[in-house]
Amino acid sequence: MTPTPPLELRSWRQRARTLYDRLPTKWLITGVSAALLGLSAVLGGLNDVTAAPIPELRAGEPYAALQLTLTPQAASLIDAFPEQGVVPDEGNRLLVVVATVTNTSTDPVTIATSGDADSLLPVGVDFADGFTAPSSVIVFDDGTLVSTVQPDVPVKVAYVWEIVAGSLADGDELRVDVLDRENEGEAAVYFGDRFSDFHVAGHVAFTVEDLGAGVNG
Amino acid sequence: MTRTTPLWRHVVNGAGLVVILVIAGVVAHTAPSEEQQQAAIPVRGQIGETITGRNIRATVDGVRVAESVEASNGWAGPTSGVWVVVDASVEARVAEAPLGYARLKVGDVTYSASTRPGQATIAATSLSVGIPWTGPLMFELPSALVASDAARHAELQFAVDDDTRADSMLVIPVDLNSIDIDEVIETERPVWGAR
Chain A
5 MTPTPPLELR
15 SWRQRARTLY
25 DRLPTKWLIT
35 GVSAALLGLS
45 AVLGGLNDVT
55 AAPIPELRAG
65 EPYAALQLTL
75 TPQAASLIDA
85 FPEQGVVPDE
95 GNRLLVVVAT
105 VTNTSTDPVT
115 IATSGDADSL
125 LPVGVDFADG
135 FTAPSSVIVF
145 DDGTLVSTVQ
155 PDVPVKVAYV
165 WEIVAGSLAD
175 GDELRVDVLD
185 RENEGEAAVY
195 FGDRFSDFHV
205 AGHVAFTVED
215 LGAGVNG
Chain B
239 MTRTTPLWRH
249 VVNGAGLVVI
259 LVIAGVVAHT
269 APSEEQQQAA
279 IPVRGQIGET
289 ITGRNIRATV
299 DGVRVAESVE
309 ASNGWAGPTS
319 GVWVVVDASV
329 EARVAEAPLG
339 YARLKVGDVT
349 YSASTRPGQA
359 TIAATSLSVG
369 IPWTGPLMFE
379 LPSALVASDA
389 ARHAELQFAV
399 DDDTRADSML
409 VIPVDLNSID
419 IDEVIETERP
429 VWGAR
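Below, the structure written as structure tokens:
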């Protein structure tokens with residue numbers, strides 16, 4: 005018969021260790037998490053954060069986005085740009101925002117139509133087919149369709165969207181968002197720059213002018 | 239009874255370890271980085287010389303600079319900068335490919351050949367094997383840059399893909415400082431098949 009071990013007089017350290025050994029791991033993790041959350045709350049980590057207000061830009065005021073400095077100048081409605089082959093479907097019209105674009109990077113930047121560059125986005129407009137990216141970008145001076153802007157060579161362009169006729173009229177107020185983004189750099193399995201955190205960096209308010217068939221029309 | 243290791247063996251082991259560490263350090267510091275391993279392979283030449291890469295062959299006949307250009311299709315693109323017009327002849331060598339990369343590098347900044355002139359430029363044209371496209375490439379640059387020191391060592395760079403990694407890139411140095419700026423340049427119509 006195995007003799008019963010004698011009761012030992014244990015110190016408080018030994019008792020604490022025994023209790024600690026008996027403590028379920030789940031309780032331990034939950035307790036530590038609760039303690040950290042409580043500490044975070046005490047330090048203000050759970051307080052509401054006031055979002056930084058999005059700046060209101062004036063027409064003609066430049067905004068320096070990641071790669072492009074965008075200076076939106078005016079918004080207008082027009083029937084078509086037939087020489088450039090930019091003709092909307094029946095029942096639609098063209099919304100044009102004229103802006104000066106300066107590429108501040110060290111490489112050419114594509115600004116065409118895919119919406120993948122720093123760009124502009126009209127708000128509250130009924131876009132044809134739901135596409136919010138500009139359907140065309142036209143160089144203001146020579147009427148050519150532009151796809152690339154060169155570093156430090158400012159170019160005045162017309163961003164063109166096809167919209168449902170009647171969704172915007174002469175004299176209406178139009179808000180245009182200036183879109184910016186961040187460059188995450190290259191990744192291990194990806195070549196070239198990666199962009200993320202697309203966000204609205206500013207608002208510009210315009211009074212829309214209806215040019216009818218065009219400035220000469 | 240234990241045998242003690244003689245002192246000379248400790249010294250030799252230590253010296254061997256140091257040698258291995260030095261060799262490893264040299265290898266680590268001289269091995270090409272991933273960027274260097276994948277970099278374009280430059281093939282250098284001069285203006286007037288025919289330069290041949292893996293799938294591209296080009297000859298730059300001349301470089302001009304002007305405030306405006308009158309292209310063969312009637313396009314007259316105004317610019318807030320200047321136009322650098324490169325008259326060149328480019329063809330593929332082993333397989334059809336686009337002229338996907340036609341750049342002018344000034345310092346650390348690169349400029350792509352403009353596609354605004356449309357059919358009046360050979361930018362972005364499809365290259366056939368052995369049948370060159372001969373015509374102008376127009377580069378839009380800031381006016382001040384042409385007169386800068388960096389412009390003395392500008393480089394024309396041609397490749398068949400805009401992803402230039404691990405393929406030939408033709409590189410032709412250009413001294414933009416030495417070229418007078420014309421008021422206007424008229425360019426010739428691109429020709430397919432002429433040399």
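The listed protein sequences correspond, in order, to chains A and B.
The first sequence lines up with residues 5 to 221 when you count with this note's numbering.
The second sequence lines up with residues 239 to 433 when you count with this note's numbering.
We put the beta carbon where it would ideally sit given N, CA and C, even for glycine.
Everything numeric in this text was worked out from a predicted model, so none of it was measured.
Straight-line gap, residue i to residue j (C-alpha atoms, nearest Å)
i	j	result
residue 43 of chain A	residue 71 of chain A	41 Å
residue 261 of chain B	residue 270 of chain B	16 Å
residue 107 of chain A	residue 155 of chain A	5 Å
residue 307 of chain B	residue 265 of chain B	52 Å
residue 413 of chain B	residue 327 of chain B	20 Å
residue 52 of chain A	residue 178 of chain A	31 Å
residue 426 of chain B	residue 182 of chain A	41 Å
residue 19 of chain A	residue 46 of chain A	32 Å
residue 92 of chain A	residue 79 of chain A	17 Å
residue 172 of chain A	residue 213 of chain A	10 Å
residue 275 of chain B	residue 282 of chain B	19 Å
residue 38 of chain A	residue 174 of chain A	59 Å
residue 105 of chain A	residue 406 of chain B	33 Å
residue 288 of chain B	residue 124 of chain A	45 Å
residue 209 of chain A	residue 184 of chain A	17 Å
residue 221 of chain A	residue 206 of chain A	At residue 221 of chain A, the pLDDT of 40 sits below 50, so the modelled position is not reliable; the number obtained from the coordinates is stated separately. Rounded to whole angstroms, residue 221 of chain A to residue 206 of chain A spans 33 Å at the Cα level.
Contact test: residue i Cβ vs the ligand MG heavy atom, cutoff 7 Å
i	result
residue 90 of chain A	As for the ligand MG, it is missing from this structure, which has no ligand bound.
Beta-ladder partner(s) of residue i, from DSSP
i	result
residue 189 of chain A	A/198
residue 37 of chain A	According to DSSP, residue 37 of chain A bridges with nothing at all.
residue 276 of chain B	For residue 276 of chain B, which the question treats as bridged, DSSP gives no partner whatsoever.
residue 203 of chain A	A/184
residue 113 of chain A	A/153
residue 377 of chain B	B/322, B/351
residue 411 of chain B	B/393
residue 79 of chain A	A/101
Check whether residue i and residue j have beta carbons under 8 Å apart
i	j	result
residue 97 of chain A	residue 169 of chain A	yes
residue 352 of chain B	residue 378 of chain B	yes
residue 369 of chain B	residue 329 of chain B	yes
residue 331 of chain B	residue 290 of chain B	yes
residue 386 of chain B	residue 112 of chain A	no
residue 410 of chain B	residue 323 of chain B	no
Unbroken beta strand (DSSP E) run spanning residue i, endpoints
i	result
residue 22 of chain A	From DSSP, residue 22 of chain A is part of no beta strand (DSSP E) but of the alpha helix (DSSP H) over 16-26.
residue 70 of chain A	Per DSSP, residue 70 of chain A belongs to no beta strand (DSSP E) and is neither H nor E.
residue 126 of chain A	123-127
residue 296 of chain B	295-308
residue 426 of chain B	First-last for residue 426 of chain B: undefined, no H or E at that position.
residue 394 of chain B	392-397
residue 104 of chain A	96-107
Extent of the continuous alpha helix (DSSP H) to which residue i belongs
i	result
residue 172 of chain A	Per DSSP, residue 172 of chain A belongs to no alpha helix (DSSP H) and is neither H nor E.
residue 251 of chain B	245-268
residue 384 of chain B	381-384
Within-8 Å CB hit, residue i to chain C
i	result
residue 195 of chain A	Of the chains in the structure shown, none is chain C; the protein chains are A and B.
Beta-carbon neighbours of residue i, restricted to chain A and to distances below 8 Å
i	result
residue 318 of chain B	157, 158, 159
Chain B contact residues for residue i, given Cβ-Cβ distances below 7 Å
i	result
residue 75 of chain A	The premise fails here: residue 75 of chain A is roughly 13 Å from chain B at the closest Cβ pair, so nothing lies under 7 Å.
residue 143 of chain A	354
Neighbour list for residue i in chain A, Cβ cutoff strictly below 7 Å
i	result
residue 380 of chain B	156, 157
Per-residue contacts from residue i into chain B (C-beta, under 8 Å)
i	result
residue 222 of chain A	Not covered by the structure: residue 222 of chain A. The range shown for chain A is 5 to 221.
Contacts of residue i in chain A (Cβ-Cβ under 9 Å)
i	result
residue 313 of chain B	146, 148
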